[in-house]
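Engineer: One structure follows; several queries about it will come next.
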Amino acid sequence: MSALSDGVEELTARRFAKMRPFGGDAPPPVDTSGLPPGPRWPEIAQSIGLIRFRHQFVPWCHRRYGEVFTVRILPKGRPLVLFTRPEHAKEIFAGDPEVFHAGKGNAILGPIMGEHSLLLQDGAEHKRARKLLMPAFNGHALREYRELVTEVARSEVAGWRDGEEFRSLDRMNALTLEVILRVVFGVTDEARLAGLRPRVNRTVDVNPAVLLGWGYPRLQKFGPWRATVENAYALDRLMYAEIRERRHAADLEQRTDVLSQLIRVADGGDRLTDEELRDQLITLLLAGHETTASALAWTLHEVGRDPHQRERARVAARDGDDEWLEALLKESMRLHPVIPMVVRTLLEPTTIGGIDLPAGVTVGPSILVAHAREENHPDPAVFRPERFIGQNPPTNTWIPFGGGVRRCIGAGFSVMEGVAALREILSSYDVQALGRDVPKVRNITSVPRRGSRIRVIAR
871 MSALSDGVEE LTARRFAKMR PFGGDAPPPV DTSGLPPGPR WPEIAQSIGL IRFRHQFVPW
931 CHRRYGEVFT VRILPKGRPL VLFTRPEHAK EIFAGDPEVF HAGKGNAILG PIMGEHSLLL
991 QDGAEHKRAR KLLMPAFNGH ALREYRELVT EVARSEVAGW RDGEEFRSLD RMNALTLEVI
1051 LRVVFGVTDE ARLAGLRPRV NRTVDVNPAV LLGWGYPRLQ KFGPWRATVE NAYALDRLMY
1111 AEIRERRHAA DLEQRTDVLS QLIRVADGGD RLTDEELRDQ LITLLLAGHE TTASALAWTL
1171 HEVGRDPHQR ERARVAARDG DDEWLEALLK ESMRLHPVIP MVVRTLLEPT TIGGIDLPAG
1231 VTVGPSILVA HAREENHPDP AVFRPERFIG QNPPTNTWIP FGGGVRRCIG AGFSVMEGVA
1291 ALREILSSYD VQALGRDVPK VRNITSVPRR GSRIRVIAR
């Protein structure tokens, strides 16, 4: 085994030991006596309901318990208080980041993402990492990426055939994966791409039961948990090799991919280490791969269900009307939320919506409920892209990227990628939806259960 492999094995083992979501010092007990009402089921049942059956469980809790309700989840029945009104979301997003910690709320992803992940950091560490990452996602950088994203989308669409029927989710996953590997990771060598693709796919396609099992090391010797750990080691070897080679690339200064930019970036001599680069790349992968793919698949499903929408989309793609294509994407993200909620853990007693909450409680706006409220979006069950033409929905009613200082750093990239993909698809093909579809949970995201099956008809 090479010195690189030895070092990587040690780094990966340390991450799994350190980032165990239920590990570390036992958190202080939380006084739950005054919390809002919620189900009294066993914590394992509520955890499964929240993670696996969220599209039924969360709306049921809202109907049963009102605008604010408490769910008790693993480990040890830790309370999660979900809020459903825009004024609640505003308070949470505007909360002091030294009190409202997001990293602790995302701890279940720690073994995959690592301690340096932007999603897991808080306070000064988060501020530093975000400052170093931001130049790779500003307006100038997005313009640099757009052409390459368009090339990847065009190549994907070129492989389709007139009258072909397929699961659009599968094709959109392939497309967004290629964007991540080429535009974010900057990998162009076909042999390395072939090695990365299956490892990345297995990282993304994690069953919720595997996520719940991260806290129990003994499980990692068996079945899907063992396979997931072995895949993580293999992916880390590939990732660290790519990072270390890229640092010494002769054309590093000319490269525009995200990894190369992150290697070059420095703030007063402060640079990202190999571990930090690995953790941020995996974060961008998990946060930006299947989320965008699912949004695109739902968009094609909704466009394909309605002849009027198909014709309007065709005209927009033909005329370069990116505003309409963006509205299609955003409305599909409203109607079919990919992520269910945005969470923060309170480090001090705090009042939200007039409710006094103790330190240790995790709080968050429910995206599922916010996007489906009649007061926020009239006729919320109707696909209506016009909501996003010349205006935006009221503040804190459309929150797929979160909000405040923790708003998703890749939001602009995701929208740019989605619009570029829709432009290439809809300028070449009409799409017809093949039957209804409903959401199901895969890892932390919601995707079309039937894969958003479509038929494509060449123009």
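Letter 417 of the sequence shown, counting from 1, is numbered 1287 in this note's numbering, and no numbers are missing. Glycine included, each C-beta is placed from N, C-alpha and C at the ideal position.
(1) Classify M871 as helix, strand or coil using the three-state DSSP reduction.
(2) Looking only at C-alpha atoms, which of R1312, T1315, I1314 and I1295 sits nearest to I1324?
(3) T1221: which of P906, V1022 and M889 sits nearest, CA to CA?
(4) Kindly indicate which three-state DSSP category G1056 falls into: helix, strand or coil?
(5) For D1127, count neighbouring Cβ atoms within 10 angstroms of its own Cβ and tell me buried if that reaches 16, exposed if not.
(6) Does N976 pass the burial test, meaning 16 or more other C-beta atoms within 10 Å, or should it be called exposed?
(7) From what residue to what residue does the beta strand (DSSP E) around K1310 run?
(8) If you check the beta carbons only, do C931 and V938 fall under 8 Å apart?
(9) Since P1210 and V928 are thought to touch, with beta carbons under 8 Å apart, how far apart are those beta carbons, to the nearest angstrom?
(10) In chain order, what residues of the same chain have a beta carbon less than 7 Å from the beta carbon of Q916, not counting five sequence neighbours either side?
(11) So for G1234, helix, strand or coil by DSSP?
(12) Among the candidates T1315, P1309, R1320 and L988, whose CA atom is the shortest distance from the CA of T1073?
(13) I need the boundaries of the beta strand (DSSP E) containing D1226, first residue and last residue.
(14) Between the C-alpha atoms of M871 and V1076, what's the straight-line distance to the nearest angstrom?
(15) Go ahead and pull the three-state DSSP assignment for Y1086.
(16) Rounding to the nearest angstrom, what Cα-Cα distance links L1198 and G1305 in this structure?
(17) What span of residues does the beta strand (DSSP E) with D1300 cover, start to end?
(18) Taking the straight line between their C-alpha atoms, what separation do you get for A1120 and L1066?
(19) Taking only the alpha-carbon atoms, compute the straight-line gap between A1044 and V1057 and give it to the nearest angstrom.
(20) Could you compute how far the alpha carbon of P1087 sits from the alpha carbon of V1213?
(21) If V1019 and E1287 are in contact, beta carbons under 8 Å, what's the gap, nearest whole angstrom?
(22) What are the boundary residues of the beta strand (DSSP E) that includes E1362?
(23) If the criterion is Cβ atoms closer than 8 Å, does the pair A959 and P1255 meet it?
(24) Find the nearest neighbour of S1025 within the set M1042, C1278 and G1009, judged by alpha-carbon distance.
(25) Between the stretch 955 to 969 and the stretch 977 to 990, are three or more C-beta pairs nearer than 8 Å?
(26) Under DSSP, the beta strand (DSSP E) around F953 begins and ends at which residues?
(27) Tell me which residue opens and which closes the alpha helix (DSSP H) that I982 is part of.
(28) On the three-state DSSP scale, how would you describe I1295?
(29) May I ask you to report which of helix, strand or coil DSSP gives M1286?
(30) Quick check: R1037 and S1322, are their CB atoms within less than 8 Å of each other?
(31) Compare the Cα-Cα distances from R1184 to each of G1260, A1006, R1329 and L1089 and report the closest residue.
(32) Which residues bound the beta strand (DSSP E) around S987?
(33) On the DSSP letters alone, give me the boundaries of the alpha helix (DSSP H) that R1184 sits inside.
(34) Going by beta carbon distance, what residues of the same chain come within less than 7 Å of R1052, once the five residues before and after it are set aside?
(35) Closest by CA to G904, which one among N1071, R1188 and I1225?
Structural biologist: Let's see:
(1) Low local confidence applies: a pLDDT of 48 at M871 is under 50, so the model's placement there is unreliable, with the coordinate-based value given in what follows. DSSP places M871 in coil when its eight states are reduced to three.
(2) I1295
(3) P906
(4) coil
(5) buried
(6) buried
(7) P1309 to R1312
(8) no
(9) 7 Å
(10) P909, V941, R942 and I943
(11) strand
(12) T1315
(13) I1225 to L1227
(14) Summary for M871: the model assigns pLDDT 48, below 50, so the residue's position carries little reliability; its value from the coordinates is reported in the next sentence. Answer to the nearest angstrom: the Cα atoms are 28 Å apart.
(15) coil
(16) 20 Å
(17) Y1299 to A1303
(18) 23 Å
(19) 15 Å
(20) 25 Å
(21) 5 Å
(22) As shown, the chain starts at 871 and ends at 1329. That puts residue 1362 outside it, with no answer to give.
(23) no
(24) M1042
(25) no
(26) R948 to F953
(27) G980 to M983
(28) helix
(29) helix
(30) yes
(31) R1329
(32) Careful: S987 lies outside any beta strand (DSSP E) and carries neither H nor E.
(33) P1177 to D1189
(34) L1018, V1022 and T1058
(35) I1225
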